[in-house]
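Just below is one structure, and these are the notes that go with it.
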Amino acid sequence: MNSIRVKKFDYIIIGAGPAGMAAAITARAHGLSVLVLDEQPSAGGQIFRNIETLEATRKSEFSKLGQEYESGSSLVRRFKKCGADYFPDRSVWQIDNNLQIHHVSASASKSNSAISHCQAKRLLIAVGAMERPMPLPGWTIPGVMPCTAADVLYKSSGFIPDGEVVLAGSGPLLLLIGCRLLDVGVHVSAFLDTSMNGALLKALPLLPKALRSHKYLIRGLSLLWKIRKAGIPIYSGIQNIEALGSSKLEKVRISKSGKFFDVKADLLLLHNGVVPNVQITRNLGCEHRWYDVQRYWEPIVDDWGNTSVDDVSIAGDCGRVAGAAISQVSGHLAALETVFQLGVISQAERDKLSQPHHIELARHNHVRPFLDKLFQPGKKWLIPENDKTLACRCEEVKVSEIRETVRMGIKDPDRLKSMTRCGMGYCQARMCGLTVSEIIAEENKVSPEEIGYFRVRSPIRPVTLGQVAEID
Amino acid sequence: MIKENTEVVVIGGGVIGVSLAYGMVKKGAKVILIDKVDNRLTASRGNFGLVWVQGKGKGMPRYVEWCIEATERWPEFAENLETETGFDLNYEKTGGLEICLGEEEHQERINFIEEMSQASSSGRYDCEMISRKELQSMLPKITLGKEVSGGSFCSHDGCVNPLNLIKAMNSSFQQKGGGYRPEQTVQKIECSSSEFKIETGTHIFNAEKLVIAGGLMTTKLARMVGMEVPVIPERGQILVTERTSRVFNYPTAGIRQNFDGSFMLGSSHEAVDYDTETSYEVLQNIAKRAIRILPNLKNLQLIRSWAALRVLTPDQKPVYLESEQCPGAYAITSHSGVSLASIHSSILVEWILEKRIPRGFTAFHPERFNVQEAI
Amino acid sequence: MFKKQYESHETVSIIFEGKKLDVEKGLTVASALLVSGNTVFRSSVVSGEPRGPYCMMGVCFECLIEIDGIPNQRACMIPVRDAMKIKRQQKNKE
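Chains as they are written, first to last, in our numbering: chain Z, 21 to 492; chain C, 1173 to 1547; chain H, 775 to 868.
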């Protein structure tokens, strides 16, 4: 251990999305030494994926993406100039208790890419959110993808879906991506709306506050209107969705009012909301709580993003999901807190500098409770009714097997894992973890809060044994 | 408070407790198995799954015989469980290897095997040294590292999927009428002349017999019924790789290839109290050694790792004890709960239910620790 | 399943299942294969059912494929290179 070369930094940030970039800029402005590690080949996170190349080589598409992207582009430029040590293409696989971090190349297809080690005084986790898994029968057939996959392909490579596309799910992101696809001439043959009945009514009590930022609402409504106007069949009140096909997707079977019908499809894009990526915060032992409205786990943090683990804070959508704008705000706040904690500014200075950020946070947060309630994931889409559906894609563990094991008296996710192999695969329970907590909770008639989540161990990402041993 | 009366209460749902409970319901006893809340203290989910003789029992020949007998009962034990439950245990008795790096390890192993063979009272201890050349010919599909100097082979040894083992025993136990009560914390045990009263937060159990197989909780629980059973935790860390085609057909204590093709790597020993964190240093040392033995492993991706706490008595050999103060209360603790599952579910069950004391049983009495203590 | 909107500027030649494919430089292996109509990347290790890319962002590990002889590489995270040899993987790696 003494023989490895460990590079020390004041502040290490994992994630170069809006939150991570904002934090880096602020931290650097106060003279901290900053390292930013990110898995992707360029900065921007998911929302601003490939933004530099987009702006440089696909100008017309870039301008169509709107004002948010202009500001995203400017953020990336400021980030690249701020003087942080920025390393793209790095996967963190182990973080020690003393905040020593071990990372490898994210893309190397050989085992002998160099290991790097670094040491932080304070660590910021800004790894963003991921799509909530939406398990349904046939979801492992090639041709079924989360809607953000189409977004990635579009932003990174300019590719658009070919053939018949079916959209299924609920949430603003699905509407946004759906409209983007329509704009580029993609043929959407059906929109399967799984949002909860009466969702709008339930959200109404929160309406007065929300109206203060009504532009969000208007935007959401306009997206829906656009889809309607395009003449795309919209189905709601759906009981079941099943993807069918032998080696690739051929059709989507929709069950409604006791009957079913098939829609031809080459691509089925799913979305059931966005959830914080808690893999690293769980690995570090941070305390989490269950946010019931949106059915996900979030790290417990104070107003500055500090978690329950010393010197570890979060920013952005790996905590309460709030979008790109608030992600930046929370990045600035987390950095100011770190600058204060490391003794560079006083508490009073921190409070003064953070005032505009707190104001902006309050402004954006007016509409959030309303949106969260409006787009609550419907229970039926959290746990597929068809028991034969795979809950765990990697190890192919069916929902029925999980239920049977729970009925043996098994309540704890790790114990369930040991008996079913669910969660033991490459994705390290990222795709099944939430589903498992939901199933165990439902079987025991309690909240997932009581059930908990798998213990998240190292490696945070798979690495080769050669990389662990640090040999060529 | 839920009240339940039964013949036998077993405290501890790990591999030992479940083996005993399973064996007892097979004999027709009415059994309730109580399992704890604390998730960290489970050696039964964190072990290597070896069904092993080689390397164990130095200094206690009775224990070596005990282990050999266990491995001989294992094939039938596994077959019964598979028939009863339909679960695959992936049990294999291929014999086991210990692989040495360098001349020093090799010589140490030679000495050790000789000592063990000579100490074997029955002469059944079947373990021999093999040369590097022989070792390589036993493993035609994978190349040994340059430093591999040879090893030892023990015909008694085998391996199993320890997770499926517990699942199968628990399932069969419940199928045969056993009562499984998870999420329990034992708060108090009272013994009277005729029965035991066990209180948890939610239940009161009344039983004629009490079996304590609580792993690291054994010391505390055993004291409640007048027994002194010292156990301490020892941490072991394990790595598991992605699946690959089967190339390594014999288990060793540090490397084994599971039935599904993934490699499992260990072993490590640390006295760190109740800390079940993994550490970069130890994971790295395990990976380094594995690559020195099988260089091709370096390209395999590590998918999972964990740490678990072994349950060790002062000499690392079993304690099987009936309380003198409270007859009918038993404490059972051992390293190697997986290997001994076949014998725990049979011979020990006969001891508990029918009072049939195995030969040389006094070897397992904890008074041997007092004898060793210098005053 | 996916198609290009415009012609590629610079291309590289990769070899997929023994056949040469000219793909745009800068693409990930997953994007390159998808846009050339190849949607099945492997058969799953448990049941052998066909699997292909899912999340496209490195989270799900569905897009595992053999690259230059090394199996189980995340195709959505690896950029294409000239003369890269890509093969589908069957149930267990050889």
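Every residue gets a Cβ at the ideal spot worked out from N, C-alpha and C, and that includes glycine.
Am I right that residue i and residue j are in contact with their C-beta atoms under 8 Å? What's the rounded C-beta distance?
i               : j               : result
L1469 (chain C) : L485 (chain Z)  : 5 Å
D188 (chain Z)  : L212 (chain Z)  : Per the sequence shown, residue 188 (chain Z) should be read as Ala rather than Asp. So it is a contact: roughly 4 Å between Cβ atoms.
A43 (chain Z)   : H352 (chain Z)  : 7 Å
D337 (chain Z)  : P296 (chain Z)  : 6 Å
Q1359 (chain C) : T1372 (chain C) : 6 Å
R1245 (chain C) : S1506 (chain C) : Their Cβ separation, rounded to whole angstroms, is 15 Å, which puts R1245 (chain C) and S1506 (chain C) out of contact at 8 Å.
V854 (chain H)  : V797 (chain H)  : 6 Å
P1402 (chain C) : T1391 (chain C) : 6 Å
P433 (chain Z)  : F390 (chain Z)  : In fact, because the Cβ distance is near 32 Å, the residues do not count as touching under 8 Å.
I1458 (chain C) : L1382 (chain C) : About 39 Å separates the two Cβ atoms, so there is no contact after all.
K246 (chain Z)  : L202 (chain Z)  : 7 Å
I403 (chain Z)  : E458 (chain Z)  : 5 Å
Helix, strand or coil for residue i, going by three-state DSSP, please let me know.
i               : result
V147 (chain Z)  : coil
T1357 (chain C) : coil
S1422 (chain C) : One point to set straight first is that residue 1422 (chain C) is Tyr, not Ser, in the sequence displayed. Y1422 (chain C): coil per DSSP, three-state reduction.
S1235 (chain C) : The question names Ser, but residue 1235 (chain C) is Tyr in the sequence shown. Note: Y1235 (chain C) maps to helix in three-state DSSP.
A263 (chain Z)  : strand
F107 (chain Z)  : strand
S787 (chain H)  : strand
R273 (chain Z)  : strand
C138 (chain Z)  : strand
D337 (chain Z)  : helix
C834 (chain H)  : coil
Q1346 (chain C) : helix
S233 (chain Z)  : Per-residue confidence for S233 (chain Z) stands at a pLDDT of 49, beneath the threshold of 50, marking its modelled position as unreliable; no derived number is given.
S1366 (chain C) : coil
I1183 (chain C) : strand
V1197 (chain C) : helix
H1160 (chain C) : Chain C is shown from 1173 up to 1547; residue 1160 (chain C) falls before or after that span and cannot be answered.
Can you find a CB in chain Z that lies within less than 7 Å of the CB of residue i?
i               : result
I860 (chain H)  : no
T785 (chain H)  : no
G822 (chain H)  : no
Q1450 (chain C) : Strictly speaking, residue 1450 (chain C) in this sequence is Thr, with Gln absent from that position. It does; some Cβ of chain Z falls within 7 Å.
C837 (chain H)  : no
Q779 (chain H)  : yes
I1376 (chain C) : no
N1211 (chain C) : yes
V854 (chain H)  : no
Under 7 Å between C-beta atoms, does residue i make it to chain C?
i              : result
V819 (chain H) : yes
G486 (chain Z) : yes
Q114 (chain Z) : yes
D432 (chain Z) : yes
V483 (chain Z) : yes
A461 (chain Z) : no
A489 (chain Z) : yes
Kindly list, in the order they appear in chain D, the residues whose Cβ is closer than 8 Å to that of residue i.
i              : result
M439 (chain Z) : Note that chain D does not occur in the displayed structure, where the protein chains are Z, C and H.
Is the shortest distance between the beta-carbon of residue i and the beta-carbons of chain H less than 7 Å?
i              : result
K141 (chain Z) : no
V172 (chain Z) : yes
E270 (chain Z) : no
R450 (chain Z) : yes
Which bits of chain C does residue i rub up against, with CB to CB less than 9 Å?
i              : result
Y446 (chain Z) : E1414, Q1473, I1475
H122 (chain Z) : Y1452
So with CB distances below 7 Å, who are the chain Z contacts of residue i?
i               : result
I1314 (chain C) : Correct list: empty, because the minimum Cβ distance to chain Z is about 14 Å.
For residue i, return the contacting residues in chain C, with the cut-off set at a CB-CB distance below 8 Å.
i              : result
N846 (chain H) : E1414, Q1473
Going along chain H, which residues have a C-beta under 7 Å from residue i?
i              : result
E416 (chain Z) : S818, V820, S821
So residue i contacts chain C; which residues on that side make the cut at Cβ distance below 7 Å?
i              : result
G429 (chain Z) : Y1352, P1354
R477 (chain Z) : T1450, R1476, S1477, W1478
Is residue i close to the ligand NAD? I mean its beta-carbon at under 6 Å from any heavy atom of the ligand.
i              : result
V820 (chain H) : In terms of ligand content, the structure shown is empty, and the ligand NAD therefore cannot be addressed.
List, in order along the chain, the chain H residues whose C-beta lies closer than 9 Å to that of residue i?
i             : result
Q66 (chain Z) : M831
Residues of chain H with CB under 8 Å from residue i, in chain order?
i              : result
G183 (chain Z) : M775
Inset, instruction - Please list the segments of the beta strand (DSSP E) lying wholly inside the segment 1444-1501 of chain C, counting only runs of 3 or more residues, in order along the chain. - result: Listed in chain order, the complete beta strand (DSSP E) runs (minimum 3 residues) inside the segment 1444-1501 of chain C are 1473-1484, 1491-1494.
**Item:** Secondary structure, beta strand (DSSP E): runs of 3+ residues fully inside the segment 1267-1326 of chain C
**Value:** Correct list: 1268-1273, 1299-1303, 1320-1326.
- Item | beta strand (DSSP E) runs contained entirely in the segment 398-448 of chain Z, provided each spans 3 or more residues | Contiguous beta strand (DSSP E) elements confined to the segment 398-448 of chain Z occur at 410-412, taking only those with 3 or more residues.
What ranges does the alpha helix (DSSP H) occupy inside the segment 144-203 of chain Z, keeping only unbroken runs of at least 4 residues that lie completely in it? The segment 144-203 of chain Z contains these whole alpha helix (DSSP H) runs: 167-177, 192-203.
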